[in-house]
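Notes for the one structure printed next.
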Amino acid sequence: MSSKSDSGNRRIAIGKIIGTHGLKGGARVYSWAESMDSFEKGTQLTAAAPGGDIVLTVQSAAPHKKGLLLTFKEVGHINTLEPLVGSELFVDRDDLPEPEDGSYYWVDIIGLRVETVDGVFLGMVDSIFPTGSNDVYVVKDGKKEILVPALASVLKEIDLDQGTMVVDLPEGLL
């Protein structure tokens, strides 16, 4: 799952309100979640609005162009939604299922210290992007950038408690 976090990783961003849809306050949302399950009816999301956080309850969700159309129980008119356009939508981490063994939420990977199996420091995981077959970790050390494929043959150890990742890069990636 692509995401950002705040409040000590207790909340995870799963989307952003990018516009309105209709007079009844429908929201056009760009989703960072892997599936629409994150937006099931009854799911509580927190919108990080300029005036403060607002809790919203998903009433309906449907695919729409390159994103989603959501309606919220608390929003019945476009005027209520307009101030929220541009706000990120967060879900409480406790509401998410535990990732399967060997899988991680992106928010847990971003910021890890990366080194080789020989102990050479490569940098910190700055961002992640999906490629279809596997994710790719963007590891930065100052202006230097290394793209690390998220493959079992490359990733030798991930220790979230220590904040480290050990990799065995194939020839040519360094």
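Following UniProt numbering, the numbering of the sequence shown begins with 1 at its first residue and continues without gaps. Cβ coordinates follow ideal geometry from the N, Cα and C atoms, glycine included.
Backbone CA spacing between residue i and residue j [nearest angstrom]
i: residue 63; j: residue 69; result: 6 angstroms
i: residue 53; j: residue 80; result: 14 angstroms
i: residue 5; j: residue 107; result: Confidence is the limiting factor: at residue 5 the pLDDT is only 45, short of 50, which leaves the residue's position unreliable, though a coordinate-based value still follows. Using only the alpha carbons, I get a separation of about 6 angstroms.
i: residue 140; j: residue 22; result: 43 angstroms
i: residue 60; j: residue 87; result: 19 angstroms
i: residue 162; j: residue 156; result: 15 angstroms
i: residue 48; j: residue 126; result: 23 angstroms
i: residue 160; j: residue 67; result: 31 angstroms
i: residue 100; j: residue 91; result: 19 angstroms
Under 8 angstroms between C-beta atoms of residue i and residue j
i: residue 168; j: residue 131; result: no
i: residue 123; j: residue 158; result: no
i: residue 18; j: residue 28; result: yes
i: residue 15; j: residue 33; result: yes
i: residue 150; j: residue 135; result: yes
Buried versus exposed call for residue i [16 or more other C-beta atoms within 10 Å across all chains shown]
i: residue 98; result: exposed
i: residue 36; result: exposed
i: residue 129; result: exposed
i: residue 133; result: exposed
i: residue 31; result: buried
i: residue 25; result: buried
i: residue 174; result: exposed
Boundaries of the alpha helix (DSSP H) in which residue i is found, first to last residue
i: residue 43; result: Per DSSP, residue 43 belongs to no alpha helix (DSSP H) and is neither H nor E.
i: residue 81; result: 78-81
i: residue 118; result: Run containing residue 118: none; DSSP gives neither H nor E here.
i: residue 75; result: From DSSP, residue 75 is part of no alpha helix (DSSP H); its letter is neither H nor E.
8 angstroms CB neighbourhood of residue i in its chain, flanking five on each side removed
i: residue 82; result: 20
i: residue 42; result: 57 and 58
i: residue 164; result: 112, 113, 114, 115, 157 and 158
Nonlocal neighbours in the same chain, by C-beta distance under 6 angstroms from residue i, ignoring five residues either side
i: residue 121; result: 115
i: residue 74; result: 56
Nonlocal neighbours in the same chain, by C-beta distance under 7 angstroms from residue i, ignoring five residues either side
i: residue 93; result: 9, 10, 11 and 12
i: residue 38; result: 14 and 91
Span of the beta strand (DSSP E), counted from its first residue to its last, around residue i
i: residue 158; result: 155-159
i: residue 18; result: 11-21
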